[in-house]
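What follows is the structure in structure tokens.
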């Protein structure tokens, strides 16, 4: 279209019209849009499939590498209180109090062990600390629970508590509740929150747990000891003499007991110290403060052997630095495997493409046969071949190349991984090489020779440059496959021949440190993309041919 | 993730819905165990007779017990429990119980009373080490060696593992820390009664790893209990640790040139846990199975296939001869007085508390 027709209003003749009278431009773009939509509809099933089953799970998994809600969700009060702490020495007593209540509820929900495992990634010892504390916290509360119970056994009964804390309205509904129905939402009695704020808070937490997790009536379940602890705290600071609701006498008697000098109390800090002296060291509190935010760079730092500390980012201690070594080893071994695949695959591909098609087809089947065999079978076969009492060693001993008591260690180490993986990945090298080589016209070689070139010159100057795209394609394929390989190194690699992917698998399925696994995976993905980009810049991706 | 969860949940629902039988019991069950000779003994003693009584039930076995804790955590996170009954070591049962991943068990109500009339609780006695644990057997982790590769002086001391001079050659050890750490400290000169105190400190853990370091490049790390007998039979290792029943199978049933060391063997319990959160029909089936599989006779029957001691006191007198070989089983039990001269009783509570800590260190050390 020329410039004059692109702006129809200025055009004296008016816009160019289609057969039905609409402007041609409009009708054309509509037709194109329909075509585009149709094309999109055709690819939509695949697109949606890839999005749902591939991209979304990967994105979700990668997101875990920064997600860190577990700390603030499990210990909300403590993490909030630690925000004001300067990180030197020990946090104030109020933080211990918050930690007691947070941990108590977490332990009842059995969530404290998960938080312990999470913090253990950053500070070894955290897991056992939290597990022990989950069991030990009762000791603090039971001091109060027992004293109140001795005063009046109603303090250890479900109903008096419910009547004192709950609103009349709710009490009626709760009493009418029958198994299988929905439990009525707990409501506090008016004025209780002002009079006994901590107790109200703890009883509400207990109520929500009993209703939502246990699915039991509050009229049947006696409160846990954190509620008694809260009651003591309230009674020691608040005046309840004006209270006239249900069980007023009981409450006033308890207040009198708390005020009396015989009443035994436990300091939260001491209580924690008794459970484990690690609570009286700043380390665990610093870790909690450091990992309180909802998102963390901790996992990524961990994957490069670094560590977040209050003083900034630091290297991990020597004996914990393993990931950079593993990344380097993975890259190095993948490179070695790729090179040996080139060396072994090139002659095969060359012969394949230069043989008459009958022999070539037979040879091709030999190349493809292992390709069709189960990966596990091939790897296990290598195990039998390579082990110290295995076929290769037996033959070497029989020939006399190796002494019987000095057999070669070719498995459970790097050698094993390199040999087995080279074999397994070889078809991925041969096939693209072969398809490129079979397109190289034989006339070029003949022409070079007829012009007086030696065999070597013909190969090196004429044939080889034309086969480079095949090498490129094979190398990219083999290298990228090798870098993420898991099963073969796991079986034949021992401890020195394993890849970063084995570590990722370990964290996914054994240690369940999914955040770290995600971070390691993200880095691996980035490395592959970077290498791909570098390859594109140096060789050019257009030069890669698969056929 | 949401979507995955929904998908999984729907699948689980359809599967569960299709499985409800007239008696409100599911007809399929997935039992998780340790594979090899041990799982075989369970199939023979428990599930084959059970299947004969209930031909409608199909039981599938999974060999994932070594990763049971991790997998149950993952299943719990995904909200889809695919296992019905899991065989775990004592320490793992405490961990799973603490994490709310295993169901609490009312022993007297859910399990059969002893054949001698004692209540289930009395019959199991000390083996009830956590609220979720349904004990089966007493076993020990010990060391086997190739009799033809140790010369004229077969090892009699657990520290032979660390003695590369007298017993050169590869060893196979568990890829998980329990037993390895205790033996390392024991052979590093720590008194038996102090071992867990030392192992609770970071310095003690480093000390154990340093001791293991001395044999690290001569060690093949196993993940399945059947690995060591295989490696020994192949002559790949001169000695290796595994469970005593596996060694018994290799020695008595397969006549391999293997000897067994009864020194500082780690005595431990093994038993069932039922995952928390099973649908009612599946739970009903599992409870029915467990009640049958842990009664006095069944536990005694298992001992006819593998040399592990039954956890019930009332089963002990019923332990007889090997089902195929006809040899007396009692002298091969880890509880036999002749074998138990220097046992090392595993402290489950220690391992349930410290497993995460020590695992992290051990695995990092392995990867070095």
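Chains as they are written, first to last, in the UniProt record's numbering: chain B, 1 to 547; chain F, 1 to 368.
Note that CB positions come from ideal geometry on N, CA and C, so glycine has one too.
- Within the segment 120-131 of chain B, the residues whose Cβ lies closer than 7 Å to some Cβ of chain F are 120, 124, 125, 127, 128, 131, listed in chain order.
- Any Cβ of chain F closer than 9 Å to the Cβ of residue 412 of chain B would place that residue at the interface, and such an atom is present.
- The three-state reading of DSSP puts residue 83 of chain F in coil, since its state is none of H, G, I, E or B.
- Unbroken alpha helix (DSSP H) stretches of 4 residues or longer found wholly inside the segment 8-54 of chain B: 24-50, given in chain order.
- Look at residue 250 of chain B here: in three-state DSSP terms it is helix.
- Comparing alpha-carbon positions, the option among B:15, B:317, B:492, B:511 lying closest to residue 410 of chain B turns out to be B:492.
- Around the beta-carbon of residue 55 of chain F, fewer than 16 other beta-carbon atoms lie within 10 Å, marking it exposed.
- Each residue's CA atom was taken as its position, placing residue 222 of chain F and residue 172 of chain F some 6 Å apart.
- Excluding residues up to 5 positions away in sequence, 132, 133, 136, 137, 139 lie with their Cβ nearer than 8 Å to the Cβ of residue 275 of chain B in the same chain.
- Going by DSSP, residue 172 of chain B is part of the alpha helix (DSSP H) stretching over 168-176.
- As DSSP reads the structure, residue 171 of chain F sits in a beta bridge with F:219, F:239.
- Distances from the CA of residue 383 of chain B to each of B:463, B:329, B:488, B:430 were compared; the closest alpha carbon is that of B:488.
- Residue 195 of chain F and residue 128 of chain B have their C-alpha atoms roughly 17 Å apart.
- Taking the Cα of residue 167 of chain B as reference, the smallest distance to any Cα among B:245, B:149, B:415 is reached at B:245.
- Within chain B, the C-beta atoms nearer than 7 Å to that of residue 357 of chain F come from 120, 124, 125, 127, 128, in chain order.
- Chain-ordered listing is empty here: chain B has no CB closer than 8 Å to the CB of residue 277 of chain F, the nearest sitting near 12 Å.
- Listed as beta-bridge partners of residue 268 of chain F by DSSP are F:139.
- Apart from sequence neighbours up to five positions away, the residues of its chain that approach residue 242 of chain F with a beta-carbon distance below 6 Å are 225, 228, ordered along the chain.
- DSSP places residue 61 of chain F inside the beta strand (DSSP E), whose first and last residues are 58-62.
- In the three-state DSSP reduction, residue 28 of chain F falls in the strand class (E or B).
- In the three-state scheme derived from DSSP, where H, G and I count as helix and E and B as strand, residue 309 of chain B is classed as strand.
- Taking a 10 Å sphere around the C-beta of residue 83 of chain B, we find fewer than 16 other C-beta atoms and assign the residue as exposed.
- Residue 524 of chain B is not a Cβ neighbour of residue 338 of chain B, given a cutoff of 9 Å.
- Annotation: Cβ neighbours of residue 503 of chain B in chain F (cutoff 7 Å, chain order): 367.
- Exposed is the label assigned to residue 52 of chain F, since fewer than 16 other Cβ atoms lie within 10 Å of its Cβ.
- Going by beta carbons, residue 474 of chain B and residue 345 of chain B fall inside the 9 Å limit.
- Between residue 170 of chain F and chain B, the shortest Cβ-Cβ separation is below 9 Å.
- Annotated as proximal: residue 26 of chain F and residue 84 of chain F, with beta-carbon spacing under 9 Å.
- For the pair residue 334 of chain F and residue 314 of chain F, the CB atoms are not nearer than the 9 Å cut-off.
- Per DSSP, residue 289 of chain B is one residue of the alpha helix (DSSP H) stretching across 282-290.
- For the segment 228-242 of chain F, the beta-carbon criterion of a distance under 7 Å to any beta-carbon of chain B is satisfied by 234, 235, 236.
- In this structure, B:268 is the residue among B:268, B:48, B:208 with its C-alpha nearest to the C-alpha of residue 91 of chain B.
- Per DSSP, residue 276 of chain F lies in no alpha helix (DSSP H) and is assigned neither H nor E.
- Secondary structure of residue 109 of chain F (DSSP, three-state): helix.
- According to the DSSP assignment, residue 329 of chain B belongs to the alpha helix (DSSP H) that extends over 323-354.
- Looking at the DSSP output, residue 180 of chain B sits in no beta bridge, so it has no partner there.
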